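Residue numbers (the working numbering): 1 to 99. Remarks on the structure that follows.
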């Protein structure tokens, strides 16, 4: 099992755990399930998006397609980094504001 597939599976499990925590234990501090949902959504989205992009764009390994593939990979890493930073800031704010 590769890293992308593992990310998708762990992301789904965290999403489900967050939703179940809200449904089964509504008295728990809301920051915990929302943090689980945020982390799960991030892992699921990045793993799935990376898998789809790999299947769509990186099949062509010719020398003419190399610059395009490199640009797409750089944009992909930049987007994942920004999403990760936003998710981390959101989780920190959740626990700060929702004490």
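Even glycine gets a Cβ: it sits at the ideal position worked out from N, Cα and C. Because the structure is a prediction, the values reported are computed rather than measured.
Practice item. Return the first residue and the last residue of the alpha helix (DSSP H) that residue 4 is part of. Key: Taking the first residue of the chain shown as position 1, residue 4 is located at position 4. Taken as a continuous stretch (DSSP letters only), the alpha helix (DSSP H) holding residue 4 covers 3 to 24.
Review point. In whole angstroms, what separates the C-alpha of residue 94 from that of residue 61?
Key: Looking up residue 94 in the chain shown gives position 94. Looking up residue 61 in the chain shown gives position 61. The alpha-carbon atoms of residue 94 and residue 61 are separated by roughly 44 Å.
Review point. With 16 other CB atoms within 10 Å as the buried threshold, where does residue 78 fall?
Key: Position 78 of the chain shown, counted from the first residue, corresponds to residue 78. Residue environment for residue 78: exposed (fewer than 16 other C-beta atoms within 10 angstroms of its C-beta).
Practice item. Measure the CB-CB distance between residue 6 and residue 47 and report whether it falls below 9 Å. Key: As a working note, residue 6 is residue 6 in the chain shown. As a working note, residue 47 is residue 47 in the chain shown. Yes. Within cutoff.
Review point. Of the residues 72, 15, 89, 83, which one's Cα is nearest the Cα of residue 55?
Key: Locating residue 55 in the chain shown gives position 55, counting from the first residue. The alpha carbon of residue 55 has as its nearest neighbour, out of 72, 15, 89, 83, the alpha carbon of 72.
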